[in-house]
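Colleague: The opening position of the sequence shown corresponds to residue 25 in our numbering, with each subsequent residue numbered one higher. Here a beta-carbon is modelled for each residue, glycine too, at the ideal position from N, C-alpha and C.
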Amino acid sequence: MSQEVKLRWCTAAQPEEMAQAGGLKHPKAGDKCMAASGTERSQGCAELPCLSDHAPWKECFYGKVQQRSLSLQEAKVKAIRAQKAEEEKENEREPCDGLCQEWFRNEEGSLDARAYLTDKLLPTLIPGVEKLLMEIERKDVLAPGTEHAKFDPIIFLGEYLMRHNPQYGTCTKAGPYLRGLNVVTEELKREIPDTASERLARMKSEAKTKRKEREQADRMKCQQKEMRKAALATQFKEWRADVSGRIPVALIQSALKIFLDVCASTPTDARKAYERKLEITDTWGKNVNVDEFVECVHSYTENFPNDAFQGVLKHLSQCAADFQESIRRDTCRQMFTDLFLHCDRGQVGVLDRPQILGLLEQFYERSSVCARRRFRDPKEWPIVELQEVRLEDLWGDLEDQEDYEEPREGLVLSQLEISEREVLAREPAGENRQGSDGTMEQMDVSETETGGIPKEENQAAESGDAEDAAEVMEEPPARKEGFTRQHSNGSEQQASSGAALQDEDRLQEPGEDLHPTVADIRSRSAPRAGSPFDGSCLNLPRFVQLMETFLGEGIALPAVKGLVGFIKEEYKQTEEEKVKQLEKAHLISRLTRRERLLEALFEKWDINASGFLEMKEVEAAMNTFKEGMEKEAVRKAKNHFCSRYPQLGRVGKLSPKAFQAFLELVASELTGDEDEVIDNIVEFLTTRVERSHMECLQSLARRRWLHNIQQAAESSGARMDPVYEAVLKALLKDAEAHGDNKKISAYIALLEENQLSPERGQTLLRYVTCTTDDAPYVLNQTLYRDMKGVSFAAVEEEKPIHVPRVQLHGNIHFWNQDRPAEQRRGSFLVLPLQDAHWRVFGILGLDTLRDQNEKTIFLTHEISFYQGVSHAFSKAYQHVCALGSVLQMALTALDWLYHRVPSIHAVSMYLVEPGNDQTCDYALRRMITTDSTGQKEIHTSPVLLLRKENLFRDYLFKCTDCSEVVCSSVCGEQHIAVPLRDLSGRALGLFDISIGPQQTLPPHQHKDLQRMLKMAQAACSELLKMPSEEAKASCVLEAEDRNVRHAGIVFHRFMLQDLRECIQKLNAESFADIRSYEDPPALVHNIMKAVLLLLHPEWEGTEKTENWNQCILQLDDSLIQEMYCFDPTAASVHVQAELVQNCINGVPQAAVWPQGSIAARLLERWVHTCLCMVQLTESTRSNAAPSCSTAHSNTSC
25 MSQEVKLRWC TAAQPEEMAQ AGGLKHPKAG DKCMAASGTE RSQGCAELPC LSDHAPWKEC
85 FYGKVQQRSL SLQEAKVKAI RAQKAEEEKE NEREPCDGLC QEWFRNEEGS LDARAYLTDK
145 LLPTLIPGVE KLLMEIERKD VLAPGTEHAK FDPIIFLGEY LMRHNPQYGT CTKAGPYLRG
205 LNVVTEELKR EIPDTASERL ARMKSEAKTK RKEREQADRM KCQQKEMRKA ALATQFKEWR
265 ADVSGRIPVA LIQSALKIFL DVCASTPTDA RKAYERKLEI TDTWGKNVNV DEFVECVHSY
325 TENFPNDAFQ GVLKHLSQCA ADFQESIRRD TCRQMFTDLF LHCDRGQVGV LDRPQILGLL
385 EQFYERSSVC ARRRFRDPKE WPIVELQEVR LEDLWGDLED QEDYEEPREG LVLSQLEISE
445 REVLAREPAG ENRQGSDGTM EQMDVSETET GGIPKEENQA AESGDAEDAA EVMEEPPARK
505 EGFTRQHSNG SEQQASSGAA LQDEDRLQEP GEDLHPTVAD IRSRSAPRAG SPFDGSCLNL
565 PRFVQLMETF LGEGIALPAV KGLVGFIKEE YKQTEEEKVK QLEKAHLISR LTRRERLLEA
625 LFEKWDINAS GFLEMKEVEA AMNTFKEGME KEAVRKAKNH FCSRYPQLGR VGKLSPKAFQ
685 AFLELVASEL TGDEDEVIDN IVEFLTTRVE RSHMECLQSL ARRRWLHNIQ QAAESSGARM
745 DPVYEAVLKA LLKDAEAHGD NKKISAYIAL LEENQLSPER GQTLLRYVTC TTDDAPYVLN
805 QTLYRDMKGV SFAAVEEEKP IHVPRVQLHG NIHFWNQDRP AEQRRGSFLV LPLQDAHWRV
865 FGILGLDTLR DQNEKTIFLT HEISFYQGVS HAFSKAYQHV CALGSVLQMA LTALDWLYHR
925 VPSIHAVSMY LVEPGNDQTC DYALRRMITT DSTGQKEIHT SPVLLLRKEN LFRDYLFKCT
985 DCSEVVCSSV CGEQHIAVPL RDLSGRALGL FDISIGPQQT LPPHQHKDLQ RMLKMAQAAC
1045 SELLKMPSEE AKASCVLEAE DRNVRHAGIV FHRFMLQDLR ECIQKLNAES FADIRSYEDP
1105 PALVHNIMKA VLLLLHPEWE GTEKTENWNQ CILQLDDSLI QEMYCFDPTA ASVHVQAELV
1165 QNCINGVPQA AVWPQGSIAA RLLERWVHTC LCMVQLTEST RSNAAPSCST AHSNTSC
């Protein structure tokens, strides 16, 4: 390359390198958009003196110099390629001489010398020798008898070497031998270690080997890909496609979504890639054919190893079978829906539950023995509620447990068969048996897309006002059944009576000014999940689920037809019962209407959204009702109200529910129809207040912010962080919109017991959250009673404290000590945080120290709204604390369960959360999971399950919809979904219990499962009563009186109460079997010893516990009474827990207990329950948690 070309190349390359160093891209010629950013990066660069603000050199570089450099490079590449082509042609004409291979001998010692000779000497010497020989032959020097005195071969060869010195670039055309020698030279250089040639050769060899391996892997991957696609195409045939050969893509996505939960052996890398790719979208209307199915599944599983892919195929096959079963279930559900509409002749929307249960008992008794084995006994759980099961049945152990036999798979179908003759004999003579030829068993997919719901029900749901119908019957929408309907919001509703709808329409009559408020209340109220449980009646979803639970899995259609025909014929309802149901519907309608009306009236009065009304103001307004003629009635109503709600009467404030109760008491004291009186009071009080349009808009915005706080608590997954965020957002938004754009600081502090420094006060305030700018100074700080501040004054007085000018107060604690004294100006407000029983558990503080304006005092309407925020936060905080207690109780229940029921494979615990808006269905948040060993995992980032994304987990949503137990087979495993109901009867959470491939649990384990579920539900209801202002929690144990409300203690307390009642029914005859032992089994003796040591620890090592004859003398009525009254949480009880535990260690399962030991089993359970409560009480005392007011800022399980 000439010097000119080198210079041009350097000139072209330098700007390109500078551009690449600056992170520049290479735009097309003439692109000017990159100039500005490139100039900033290259400012101050000394190598480019031509730079300017507009960087014109870049345009020149990219438009001219770069193109020229690229053209030169392309020309050189073409020249090199042409040279190589010419060499190849030369090799074809004259192949390389093989004699040169003699230099390539395997002699390591002369390797360097041979490489040097072939590289430096022989390429010049060999052509010279050739020339010399040719010259000798031309002059015939070797001919005999001739003399050539002038020809000297040495001189000739020397002259040739001097003329062809390689240092001067003189080259000759290489011959065959020389070309071969060049090849040998390169090979020899590659053999010399630690040289550039050897390293380059090794790198080329390795690259070639890797390339071959990669090509081989690619070929194998392609073969594997084709084999997998063929397997997926074969698997597609297992799904029932429609007439066009397509299936909904939503089914495939749901099947893939639950695969990771079913198959835990998937590699971590493949699992993460699978989770990233699998994003469920709302694609219900889209169907896929076989090719699209193969591509869809393969895109998710392409990185799976063979074992995991085989697991995917097996999982998809099981899901396809479940889908086929769902189609058959949809047919059955359609028949049950028709049955419900047929029996509900009064169109009330409910059926009599006791009568339906009685008919199921009759049908069960009349069925054959073969059919009974598959049906569930209507007298037992899960058909009846655990609270309805007698204690003798729940705690009495079965003596015939040796007869239990695990059902074999071959019996699953054989035990279902009921002959057509037996079914038809039960059907009414005039019953329409259309489809008895088996055509219903082959239901087309196009028919199942409606979910098997009859036209009558759809028309009933569409004809009336859906929301009004739901309010009349207090029923949420019945969820659409079947896989093909779960994608929707499940807005199916049962029509209510026309009279009830008319009553609901009367809501529009009184107080036209309240109509916008009522509409806003409806828009804010999220749709509640599921229908509440009612022991007296059944709505449509609960009736359908009851029928499915009774029949069990895999029941043939003839059995379903027989049950439907029997209930149609036997279900009777008198006119009196119809009238009662209609009256109940009217009553529910009127109560719902009244509640909405009074809530709207409350909001109209509470214009600043403080959450309370002053009782004096309401009383003064009511004293003017009917021109003051009803003052005496108002006075009597107030006295009744104060006697019924003494705490509210003491503080003189009315919450929305207290406001409603007060007005209802006033109406009860007045003459006339109560509904008409309420309407007159509402109309009167509506006219007593006048609100401007701006005030109404301000109130509307504030109530929505308060609603966001409660919604954050309900969808927080038992965590406080979302609630804190919603509270701070509401405060900042209001300060900006309605507080003249004040710059405020906000913080929340919770009361805790002062354990570290009790000399500074029994309690302290710990700041758990604050606005972002104040976090370095306030967050996690602790305020003691001996420090400056007015926060503890607000706690003690239970009233807000407002300091208009902090610089003049003198008793304000400033957390930011770096703030200058002249900047410590502003307003300060402290509001106490109170629970439902008006106990203070913290404070909400606000100040305007960061606001530099002169007018920074909080106004009255702002303080009122901040009180509403504190009230909303208190409710949200108590709700999250209650959820945390429920989760803690669930952990205790699972600990108890796994020691008793080892056949359980896995348990998941979910919380039900509302949807984000009116159109969004509720969701299930998985909080706790356990495996077969009882190892629990508490999810810090809980998974959220949506209905449309989990079509194969529809049993969970069915359980939530109807608040009933649902048993289902999913992917080859039996699942039992059990709801945890709130105080209204709706599902607050649920347990998903997997028992594996077995159809049922052994009898003794089934009983233990029932016991756990009953105690869990009772404990859940008790824990939810604690933050409720309507229900009051009961205190049975001494620990509860001391405010030690550990959730685990509550769970064991209900178990202890049940055991107390069972023990109280024991008598001398109950211990006859124990007394009959002369030499008792060690098990029985140890249990008796544990009982006596628990009641009398001082008897350790005495004859009363060690001697059997002395032990049985204690078995009398006084021991029973002592056990009944024993409180394991009492402070006076001192139990040697380790000693008692050693006595009951190794207690076997119920299946291997000796005969006639029912009383001993009862004693053992009592000892175990008491011991658990003792241990929990001791741990609670050591932690010294004072109450819910000392809960952590992030309350969770």
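Kindly indicate which three-state DSSP category N732 falls into: helix, strand or coil?
Modeller: Correct three-state label for N732: helix.
Colleague: Run through DSSP, which three-state label would S1058 get?
Modeller: Correct three-state label for S1058: coil.
Colleague: In angstroms with no decimal places, state the Cα-to-Cα distance between T1201 and S781.
Modeller: Spanning the two alpha carbons is a distance of roughly 24 Å.
Colleague: Mapping the DSSP letters down to three states, classify E71 as helix, strand or coil.
Modeller: Interpretation of E71 is limited by its pLDDT of 43, a score under 50 that renders its predicted location unreliable; the figure taken from the coordinates is listed afterwards. Coil.
Colleague: Please confirm whether T884 and F1075 have their CB atoms less than 8 Å apart.
Modeller: No, they are not a contact pair.
Colleague: For a minimum of 4 consecutive residues, which ranges assigned as the alpha helix (DSSP H) are wholly contained in the stretch 1071 to 1106?
Modeller: DSSP runs (the alpha helix (DSSP H)) wholly in the stretch 1071 to 1106: 1071 to 1088, 1096 to 1099.
Colleague: Quick check on the DSSP output: the alpha helix (DSSP H) that includes K960 runs from which residue to which?
Modeller: Looking at the DSSP string, K960 is not in any alpha helix (DSSP H); the run it does join, the beta strand (DSSP E), is 960 to 970.
Colleague: How do the stretch 816 to 828 and the stretch 879 to 898 stand: do at least 3 beta-carbon pairs fall below 8 Å, yes or no?
Modeller: As far as the Cβ criterion goes, the stretch 816 to 828 touches the stretch 879 to 898, which means the pair count is three or higher.
Colleague: Provide the residue(s) that pair with R949 in DSSP beta bridges, ordered along the chain.
Modeller: DSSP lists L935, L968 as partners of R949.
Colleague: Specify the secondary structure class of N840 as computed by DSSP and reduced to three states.
Modeller: Looking at N840 - three-state DSSP - the assignment turns out to be coil, as it is neither helix nor strand.
Colleague: For R503, is the classification buried or exposed, using 16 other Cβ atoms within 10 angstroms of its Cβ as the cut-off for buried?
Modeller: Summary for R503: the model assigns pLDDT 34, below 50, so the residue's position carries little reliability, and this model does not support an answer.
Colleague: Check N115 in the structure and name its three-state DSSP category.
Modeller: In this structure, N115 counts as helix in the three-state DSSP scheme.
Colleague: Could you give the DSSP three-state label for C794: helix, strand or coil?
Modeller: Three-state result, C794: strand.
Colleague: Is the stretch 966 to 975 in contact with the stretch 942 to 957, if contact means three or more CB pairs nearer than 8 Å?
Modeller: The answer is yes - the stretch 942 to 957 touches the stretch 966 to 975, with three or more Cβ pairs under 8 Å.
Colleague: Would a C-beta distance cut-off of 8 Å place S1045 and L1007 closer than the cut-off?
Modeller: Yes; because the gap between Cβ atoms is below 8 Å, this pair is in contact.
Colleague: Give every residue of the same chain whose Cβ lies closer than 8 Å to the Cβ of D1140, excluding the five residues on either side of it in the sequence, and list them in chain order.
Modeller: Excluding positions up to five away in sequence, the list reads A1092.
Colleague: By Cβ distance, which residues of its chain are closer than 6 Å to A543, with the 5 residues on each side in sequence left out?
Modeller: Correct list: empty, nothing qualifies.
Colleague: Hey, how far is the Cα of T1204 from the Cα of H1070?
Modeller: Each residue's alpha carbon lies about 7 Å from the other.
Colleague: Name the DSSP bridge partner or partners of R1005?
Modeller: DSSP lists A1011 as partners of R1005.
Colleague: Are there 16 or more other CB atoms within 10 angstroms of the CB of F175, so buried, or fewer, so exposed?
Modeller: Flag for F175 reads exposed.
Colleague: Taking C-alpha atoms, which residue in A930, R784, L756 lies nearest to G869?
Modeller: Of A930, R784, L756, the residue nearest in Cα terms is L756.
Colleague: Considering Cα atoms alone, identify which of S341, Q902, D630 is closest to F889.
Modeller: It is D630 whose Cα lies nearest to the Cα of F889.
Colleague: Which whole-angstrom value is the C-beta distance of A761 and A725, which I expect to be below 8 Å?
Modeller: With 8 Å as the limit, A761 and A725 qualify as a contact, their Cβ atoms being about 7 Å apart.
Colleague: Name the residue from D136, D1151, Q277, L975 whose alpha carbon lies nearest to the alpha carbon of D218.
Modeller: Of D136, D1151, Q277, L975, the residue nearest in Cα terms is D136.
Colleague: If you scan the stretch 1101 to 1173 from start to end, which runs of the alpha helix (DSSP H) of 4 or more residues do you find wholly inside it?
Modeller: Within the stretch 1101 to 1173, the complete alpha helix (DSSP H) runs of at least 4 residues are 1106 to 1119, 1127 to 1130, 1132 to 1137, 1141 to 1149, 1161 to 1168.
Colleague: Give, in chain order, every unbroken run of the alpha helix (DSSP H) that is at least 4 residues long and sits entirely within the stretch 611 to 663.
Modeller: Runs found: 639 to 646.
Colleague: Can you grab the Cα-Cα spacing for the pair I733 / E700, in whole Å?
Modeller: Their Cα atoms are separated by approximately 36 Å.
Colleague: Leaving out the 5 sequence neighbours to the left and right, which residues in its chain are closer than 7 Å to F180 when beta-carbon positions are compared?
Modeller: Same-chain partners within the cutoff: L156, E159.
Colleague: The beta strand (DSSP E) with F852 in it runs from where to where?
Modeller: First-last of the beta strand (DSSP E) with F852: 852 to 858.
Colleague: Whole angstroms is fine: what's the gap from A1106's alpha carbon to S965's?
Modeller: When rounded, the distance between both Cα atoms is 48 Å.
Colleague: With H, G and I counted as helix, E and B as strand and the rest as coil, what does DSSP make of D871?
Modeller: Three-state result, D871: strand.
Colleague: Use the C-beta contact count for Y791: other C-beta atoms within 10 angstroms, 16 or more gives buried, fewer gives exposed.
Modeller: Y791 comes out buried.
Colleague: Can you give me the Cβ contacts of L788 inside the same chain, cut-off strictly under 7 Å, excluding the 5 residues immediately before and after it?
Modeller: E776, N778, T806, L807, Y808.
Colleague: Return the CA-CA distance between P746 and S740, expressed in angstroms with no decimal places.
Modeller: C-alpha separation (whole angstroms): 6 Å.
Colleague: If I'm right that A759 touches K766 with Cβ under 8 Å, what's the distance once you round it to whole angstroms?
Modeller: Correct: roughly 4 Å between the Cβ atoms.
Colleague: For Y201, report the span of its alpha helix (DSSP H) as first-last.
Modeller: Counting along the chain, the alpha helix (DSSP H) containing Y201 begins and ends at 200 to 215.
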